[in-house]
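Okay, so here's the structure we're looking at.
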Ligand code: 5RP
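Numbering (full-length UniProt numbering), first residue to last: 1 to 236.
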């Protein structure tokens, strides 16, 4: 899903690489590192691989949130483990689709929101990496909120989402079938009006048994690394 941005695709790609390189420099020897999903988080992989090749990261290993990230790490020759091997991660590096001034995020544009939240919560530090085009005054101003739904509950959860103003639309594959997550769930992208209270919405979604996950990351990020025309900065 595209995020509207005032920057060109080339500028945005450069900002993503800069933010990812900044976060990759935070990784230390022996760390267990969660890795999220998306082009910005994946841009950290070659930087980490270069550091490992220089002998800077002995004993460091990586816990990916998605198959795509696992493949990228393996191709780069970096050691991959599961969350059972490292229930407490030292740091997780992940991207975001939209970030508000309080550091709350919408994630899940790539469909890996549930496992991304798990590796984010398992980490002592969740570092979000993003280009400046992701910054927004209020969540849902520029990006729909992905909500992952157990197929058994689809009709009733869509009804619930409509009732609370979510205007949901099912994410589809190019052939028109509903897109399935790695756990076989479906995703409703919800075009809420800009959110006055992301925490309240997160609480009401968390209370629904048929909602397997949602892309609101409220108060989870320890550090947001944003890269833009003025360089890279950390929002703590
Ligand atoms: C995937 C995500 C991504 O981190 C988010 O979509 C950002 O992607 P990108 O770095 O490609 O802009 O949440 O589920």
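All C-beta atoms, glycine included, are put in the ideal place defined by N, C-alpha and C.
Between residue 214 and residue 147, the C-beta gap is smaller than 8 Å, which places the two residues in contact. If you check the C-beta of residue 117 against the ligand 5RP, you find no heavy atom less than 7 Å away.
Here the alpha carbon of residue 105 sits roughly 22 Å from the alpha carbon of residue 185. For residue 206, the secondary structure class from DSSP, reduced to helix, strand or coil, is helix. The continuous beta strand (DSSP E) containing residue 34 extends over residues 32-35. Residue 124 sits in coil when the DSSP states are folded into three classes, being neither helix nor strand.
In the displayed model, residue 136 falls within coil according to three-state DSSP, outside both helix and strand.
In this structure the stretch 155-165 does not lie against the stretch 85-104, because fewer than three pairs of beta carbons, one per stretch, are closer than 8 Å. Taken atom to atom, the span from the alpha-carbon of residue 46 to that of residue 80 is near 15 Å. Collapsing the DSSP output to three states places residue 64 in a strand.
A residue is listed when its beta-carbon falls short of 5 Å from at least one non-hydrogen atom of the ligand 5RP; in chain order these are 37, 38, 39, 40, 95, 97, 107, 108, 109, 110, 112. Judged by DSSP in its simplified three-state form, residue 184 adopts coil rather than helix or strand.
If you ignore the 5 residues before and after residue 194, its C-beta comes within less than 6 Å of the C-beta of 138, 140, 141, all in its own chain and listed in chain order.
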